[in-house]
């Protein structure tokens, strides 16, 4: 059965690439929604890694962690989207580069 | 008896407080009477204390409270009335009272009348503290107090800048001496653990001889400053900027004798210190000679008297130097009488002349100022040493002690100074009171005898100057020497041979002949208008050196004041402006320079923050990997 599965390195590579895409997205994009999606991408990259290691070591606790992460991610998205809605109401835009009030 | 000490001390303080605080709203006469009465009360207390001690009463020590207790050192705020301090008390309060009375007349037109009397009373208090203190610290307290009052009173007419400078000069020169005194007191603490007179003197014999020498030298430095001896004497002539009663009280009769008191009080130390005593002798002798000769060429009536005071103080130090402490006290007493008289007399002259002090513009005043003239003449005769006036006996005794206690050289120099004293005093007298009047017509019209509040003190002082010699008749006239007998247990005089009768007759005869010649010559010379002294600038040769005071001020200017100015200039422009300010300014500028660039980081742009965070996390990981 283990022969049918891809080797562990592939999972690590994939999740690393996904994580970096997420980071790059957060850094480069200005759209708040895209930003939240990129954060989700990073979280899910980690989730993938968790499950991969969980299978590899035959240990269920990794998968249990993934549930927790999902719950937290859902809550985060709920709050994050609520904030975005508020930003949109205030600035008529979801462009976060407009939010430079901290400077003043 | 203790209560008299307290009353004597507190009465001038109360007078000071009342005239100082309420003076603005009280009439002038009331202030004058109030201030004079407070001194009179002190004088009566002094007399009562004197009477008690004269009846062989033991010295009284009165402790108000424990002033400070630090570690092993405990200082009491206590006062000691022994024969020495009570004698000084009588001079201070007695002469002080007369001068207070005189000031009522002299200052009656002055706006600062109440302030003047407040300062005078404060001075009397400080001076009494000085002589009554039962330890060196209390004495130092009084010592600084009189210095302060002297400063305040020299600069009394402070709107004149020169007077203000004179006050500062006096204060600063005194500080130099005070430093020595203070170090001496520290030494005493170090050696004896206390400065209480009775304890210290009782254990003086057990102390190391060299240590005692050093203590004596340090105390003497204090005495040099306060008593205007070489090299710190230049402040006293300038101190004549103050009102004339101040010159009489502080700068002739009392404060300047504080140095004599200090040495006499420490006679237990000085009597065994060969080196310190010799230094006292030499400084006193040099001062007597130098100040006396300067007096020959001064044209300001008060300056002549000031140099005369310095010179006479030198005499007293000579007496201290040979170990004749009670003789010095004798001269302090007679000098207080006749010098106060002379100063008050000069004040009366200045009053009549409308503020003029230059004797070249006076002359012929004897016709208008009869009482002043007569009392001034008596004072002049007394200081010149005409027998049987007070000055003759005290000077004669110093000469005798110097001859038998040290040697012929000191004797000859002192005798010559005596001659010089007589010359400048009669020069002053004849220029002021005889010849023709040389002032303006307005002044001539204004000439008048002073009010009785001024002339009565003059008359009393004149009587004292004439009769003061009774206190210390030489062996020629009496077997009882009042002052020597009085101080026999208080002051440790060095045993000096009694002068022979031949010596006494010789001094008496020679001085009478010399004085007669001096009087005749000066009279002939200075009553004719062609011999009026010229201004200091027009003097030539030795006269110029004398009228320029041997260039003492110029020398101090060049060797002390200028270098200090240079150092100050250097520290100001290089160390302060360049180095210290440089460091501070560079620090400030550097921070604001960096801040100018760093503030650009705080763009408020979320992307940059995120980027920074990512870079931070990545670099953490990289470092973690590498390490």
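Protein chains in written order, with my numbering: chain C, 2 to 105; chain E, -1 to 625.
Just so it is clear, CB atoms sit at the ideal spot from N, CA and C, and this is done for glycine as well.
The model shown is predicted, which means the values in this text are computed figures rather than measured ones.
- Listed along the chain, the chain C residues whose CB falls inside 9 Å of the CB of residue 612 (chain E) are 24, 27 and 28.
- A buried status is given to residue 310 (chain E), since no fewer than 16 other beta-carbon atoms sit within 10 Å of its beta-carbon.
- DSSP links residue 450 (chain E) through a beta bridge to no other residue.
- Distance from the CA of residue 234 (chain E) to the CA of residue 591 (chain E), rounded to the nearest whole angstrom, comes to 58 Å.
- The beta-carbon of residue 100 (chain C) is placed less than 8 Å from the nearest beta-carbon of chain E.
- Burial check for residue 423 (chain E): the Cβ neighbour count within 10 Å reaches 16 or more, so the residue is buried.
- Between the C-alpha atoms of residue 505 (chain E) and residue 413 (chain E) there is a straight-line separation of about 9 Å.
- Counting along the chain, residue 262 (chain E) sits inside the alpha helix (DSSP H) bounded by residues 256 to 263.
- With a contact defined as Cβ atoms closer than 8 Å, residue 279 (chain E) and residue 319 (chain E) qualify at about 3 Å.
- Taking the Cα positions, residue 49 (chain C) is about 24 Å away from residue 30 (chain C).
- Looking at E:16, E:436 and E:161, the one whose alpha-carbon comes closest to that of residue 148 (chain E) is E:161.
- Taking 8 Å as the threshold, the shortest C-beta distance from residue 580 (chain E) to chain C does not fall below it.
- Within the same chain, Cβ atoms closer than 7 Å to the Cβ of residue 12 (chain E) are found at 36, the five residues on either side in sequence being excluded.
- If you look at residue 494 (chain E), you'll find it isn't in any beta strand (DSSP E); DSSP assigns it neither H nor E.
- Close to residue 609 (chain E), with beta-carbon spacing below 7 Å, are these residues of chain C in chain order: 28.
- Judged by DSSP in its simplified three-state form, residue 9 (chain E) adopts helix.
- Within chain C, the residues whose beta carbon sits less than 7 Å from that of residue 605 (chain E) are 28 and 98, listed in sequence order.
- Here the stretch 430 to 442 of chain E lies against the stretch 521 to 538 of chain E, with 3 or more beta-carbon pairs under 8 Å apart.
- Only residues of its own chain outside the window of five on either side were considered, and among them 92 have a CB closer than 7 Å to the CB of residue 99 (chain C), listed in chain order.
- Under the DSSP assignment, residue 365 (chain E) falls outside any alpha helix (DSSP H); it carries neither an H nor an E label.
- Taking a C-beta distance under 8 Å as the contact criterion, residue 512 (chain E) and residue 427 (chain E) do not qualify as a contact pair.
- Residue environment: residue 29 (chain E) is assigned as buried (16 or more neighbouring CB atoms within 10 Å of its CB, all protein chains considered).
- By the neighbour-count criterion, in which 16 or more other beta carbons inside 10 Å mark a residue as buried, residue 617 (chain E) falls on the exposed side.
- The beta carbon of residue 302 (chain E) sits closer than 7 Å to the beta carbons of 293, 296, 422 and 426 from its chain, once the five residues preceding and following it are set aside; these are given in chain order.
- The stretch 111 to 129 of chain E makes contact with the stretch 140 to 147 of chain E; the number of CB pairs closer than 8 Å reaches 3 or more.
- The stretch 34 to 41 of chain C and the stretch 54 to 66 of chain C do not touch, with fewer than three beta-carbon pairs separated by less than 8 Å.
- The beta carbon of residue 534 (chain E) sits closer than 6 Å to those of 545, all from its chain and outside the five residues before and after it, given in chain order.
- Straight-line spacing of the CA atoms in residue 57 (chain E) and residue 466 (chain E) works out to 25 Å.
- For residue 453 (chain E), the number of other beta carbons within 10 angstroms of its own is at least 16, and it is reported as buried.
- By the C-beta criterion, the stretch 341 to 356 of chain E is judged not to be in contact with the stretch 262 to 269 of chain E, since fewer than 3 inter-stretch pairs fall below 8 Å.
- Counted as a single uninterrupted DSSP element, the beta strand (DSSP E) harbouring residue 61 (chain E) occupies residues 58 to 68.
- For residue 82 (chain E), the closest C-alpha among the options E:47, E:23, E:443 and E:100 is that of E:47.
- Contact between residue 409 (chain E) and residue 401 (chain E) holds: their C-beta atoms lie close to 4 Å from each other, under 8 Å.
- Within the model, the alpha-carbon separation for residue 53 (chain C) versus residue 47 (chain C) is close to 10 Å.
- Taken in chain order, the whole alpha helix (DSSP H) runs of length 4 or more contained in the stretch 148 to 187 of chain E number zero.
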